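Position 208 (the sequence shown) corresponds to 1047 in my numbering; numbering is contiguous.
Scroll down for the structure; my scribbles are underneath it.
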Amino acid sequence: MTKYIIHGGKPLSGEITVSGAKNAAVAIIPATLLVDGVCRIENIPQISDVTLLLKILEQHGASINTINKHTMDIDCSDISRIGTAFDLMRQIRASYYLVGAMLGRFGRAEVSMPGGCDLGVRPIDQHIKGFTAMGAEVEIRNGIIYANVPRGRLHGAEIYLDVVSVGATINIMLAAVLAEGQTVIENVAREPHIVDVANFLNSMGADVRGAGTNVIKIRGVDKMRGGFYSIIPDQIEAGTYLAAVAATGGEVLLRNVIPKHLDCITAKLIEMGVTIEDREDSVLVRRTDRLLRTNLKTLPYPGFPTDMHPQVAVGLCLAEGTSVVTEGVWDNRFRYVDELRRMGAKIQVDGKIAVIEGVKALTGAPVKACDLRAGAAMVIAGLCALGTTEVEDVFHIERGYENMVEKLRGLGAEIECVDVIEKVPSPGIAI
Ligand code: EPU
């Protein structure tokens, strides 16, 4: 086990390169199961969720060749087994994409129920509704999803999602690319990684249209060949470093970004008094004066992303005035609030709404990363706080951020990753 130790109170400055998008990579890697040939994929982020997915594919018989740190050849032509690696699958959310991909390619899937961050109830009913409409029978027994297509191959269908779901949109798209006939999915999610997954599938021979709008049409093809694809930069990783500079002050150039994907985040930061300059594939962020209060509500793209809520909330804890944050996607995204309170933040939560009263400074404290984005928020809080902050359970952070400690050190942050030595409980004082 490791933890991060941060000596805060210094502004960030310098340059940083953003890695490939986690939520695109965790869908594209399972999507290689659909392809009969070698997929060369570039800009794969080095994060533990990706490592786990690659292990899961290998256990199913995929051949994986590392070309360099961020480029791999994945060949799923000779998948020899399904119904294995349940323990690994259980550890991540994105294992649910294996269901869509396996159903599409083999007409059968056995995948354990997904894990991932605890953000409240995380149903997969919309994924199952889609698979069922396409001719699959789906059953959940003993924590395993068993899906089967009695006629062997899925057929096209018209599917209207009851909620805008990133996972269901991608999963149904994966199932549909090799199905017989046309599938139309309405009320779909429009996040940049949805478009990226569609582009990946098309570059391997699929026929997916409309990704990025709220209707996706997929004409099933008989086979997908291999090819080359480069994953887009991570919108949320970039947003996290923007939020970090907003909170600490300073000036940083973020390289390898798509500025358009960041508009939903930068619009809010600009309201808070942060200066943002878009360049072709980089963004300069600067903050000199005290942050201003604002209100924000998380929504599906192009709304403000739920995955940026805790990180931006840290800045609001230090802003002048009172801000209101409304979580519009998850039931339980406020677990970071107790941790921030230990550092002197003034936050009241009622249901899905947090009222944040800005304070002049946060103070260092031992805190926990409750989930991936809450963990990133704790790091940001530690970077601005006076004194020392120790962030525990950083495995959550390492699921989704490549080399966060090294990247921040490159910006002048005093942060280190140390091994945790088991504490011997104190005997206490006899009374
Ligand atoms: N929902 C349903 N039924 C479903 C699916 C979703 O009711 O079948 C509801 C959820 O309960 C939630 C809403 O729909 O209230 C949106 O959920 P969505 O399916 O979009 O979330 P997800 O696919 O499980 C992905 C990201 C999350 C991100 C959300 C929202 C991955 C692996 N995960 O989750 O990312 O918060 O979309 O943008 O792509 C993260 O990266 O830290 C993270 C948690």
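We treat Cβ as the ideally placed atom computed from N, Cα and C, and that holds for glycine.
Note that the structure is predicted; figures quoted are calculated from it, not measured.
Residue i to residue j, Cα distance in whole Å?
i       : j       : result
Pro1031 : Gln965  : 20 Å
Tyr1068 : Pro1144 : 25 Å
Met941  : Arg947  : 6 Å
Ile931  : Glu1237 : 13 Å
Met1012 : Thr871  : 13 Å
Glu949  : Leu893  : 17 Å
Gln1021 : Arg1132 : 48 Å
Ile886  : Ile979  : 29 Å
Lys1107 : Glu897  : 42 Å
Ile1219 : Ala986  : 42 Å
Asp926  : Tyr935  : 13 Å
Kindly indicate the opening and closing residues of the alpha helix (DSSP H) around residue i.
i       : result
Gln898  : Ser887 to Gln898
Thr1105 : Pro1098 to Glu1110
Arg1248 : Met1243 to Arg1248
Ile918  : Careful: Ile918 lies outside any alpha helix (DSSP H) and carries neither H nor E.
Arg980  : Per DSSP, Arg980 belongs to no alpha helix (DSSP H); it is in the beta strand (DSSP E), Glu976 to Arg980.
Exposed or buried, which one is residue i when buried takes at least 16 other CB atoms within 10 Å?
i       : result
Asp1035 : buried
Ser858  : buried
Asp914  : buried
Lys1185 : exposed
Pro1149 : buried
Phe1234 : exposed
Met840  : exposed
Ala1015 : buried
Glu1241 : buried
Val1122 : buried
Ile967  : buried
With DSSP run on the structure shown, which of helix, strand or coil describes residue i?
i       : result
Glu1166 : coil
Arg1132 : coil
His909  : coil
Asp1120 : coil
Leu958  : coil
Gln1021 : strand
Thr1087 : helix
Ile1219 : helix
Asn1010 : helix
Pro1149 : helix
Quick one: what's residue i bridged to in DSSP?
i       : result
Asp1073 : Answer is none; Asp1073 lacks a bridge partner.
His846  : Thr1227 and Glu1253
Tyr1068 : Ile880
Phe1143 : Thr1137
Thr856  : Arg1094
Could you please give the first and the last residue of the uninterrupted beta strand (DSSP E) stretch that includes residue i?
i       : result
Glu1116 : Thr1114 to Asp1117
Kindly say whether residue i, judged by its beta-carbon, lies nearer than 8 Å to any beta-carbon of chain B.
i       : result
Asn1134 : The displayed structure is made up of one protein chain only, and chain B is not part of it.
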